[in-house]
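Quick note on the numbering used here: the sequence shown kicks off at 4 and runs consecutively.
For reference, the structure discussed in these notes is given below.
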Amino acid sequence: MKNSNLIIIQPPKNQDKLEALKSFLKALKIKFEIAPENEIPIEHQNLVLDRIKNSKEKDLLNWDDIIDDFDGI
């Protein structure tokens, strides 16, 4: 079963905690990618954060709306 959910995690400032998080994801066999800090424009970051703050949990998983928001920038 293919799952297209996107999870965004702000990395911990502490390198030990980051390594623990990576180990945890690997142990659960969850594929993950660590993007460079400047890869996502600040406008996109703010849009996602606004959506999270102003949405109910079920609305956060609507991938089509998220894509539309990014295409609109």
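The C-beta atom is built at its ideal place from N, Cα and C for all residues, glycine as well.
Considering just the uninterrupted stretch of the alpha helix (DSSP H) at residue i, what are its terminal residues?
i: Glu36; result: Per DSSP, Glu36 belongs to no alpha helix (DSSP H) and is neither H nor E.
i: Gln18; result: Gln18 to Ala30
Three-state secondary structure (DSSP) at residue i?
i: Asn49; result: helix
i: Ile55; result: helix
i: Ile70; result: helix
Leaving aside the five residues before and after residue i along the sequence, list all residues of the same chain whose C-beta is less than 8 Å from its C-beta, in chain order.
i: Pro15; result: Leu21 and Leu24
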